[in-house]
Amino acid sequence: MNKPREVVTTASDDKDRATVLDILKDVPQRIYPVGRLDYDTTGVLLLTNDGDLANQLMHPSYKSIRYMSPR
Numbered sequence: 001m002n003k004p005r006e007v008v009t010t011a012s013d014d015k016d017r018a019t020v021l022d023i024l025k026d027v028p029q030r031i032y033p034v035g036r037l038d039y040d041t042t043g044v045l046l047l048t049n050d051g052d053l054a055n056q057l058m059h060p061s062y063k064s065i066r067y068m069s070p071r
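Using the UniProt record's numbering, the letters of the sequence shown map in sequence onto residues 1 to 71.
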């Protein structure tokens, strides 16, 4: 997804800010954000319905390669 500004990439937020899962509330499956983007940052955020895949892509022990390109 193209994450908008002022949205957090976690499943919930203790400051009651909007989350990417709030945006996807009508999707019938459980969705897992892969990685994180800052609250004030926009950009591509990978989503999956496979929790194991999300864990493999995010956990340091799997040594996934990540590329970021700031503007």
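For glycine and all other residues, C-beta sits at the position ideal for the given N, C-alpha and C.
Hey, residue i and residue j: beta-carbon distance below 8 Å or not?
i, j, result
"Lys3", "Thr10", "no"
"Leu37", "Leu46", "no"
"Ile31", "Asn49", "yes"
To which residues does DSSP link residue i through a beta bridge?
i, result
"Tyr32", "Thr48"
"Lys3", "Gly43"
In three-state terms, what does DSSP make of residue i?
i, result
"Val8", "strand"
With a threshold of 16 other CB atoms inside 10 Å of the CB of residue i, please say whether the residue is buried or exposed.
i, result
"Pro33", "buried"
"Val27", "exposed"
"Leu24", "exposed"
"Leu53", "exposed"
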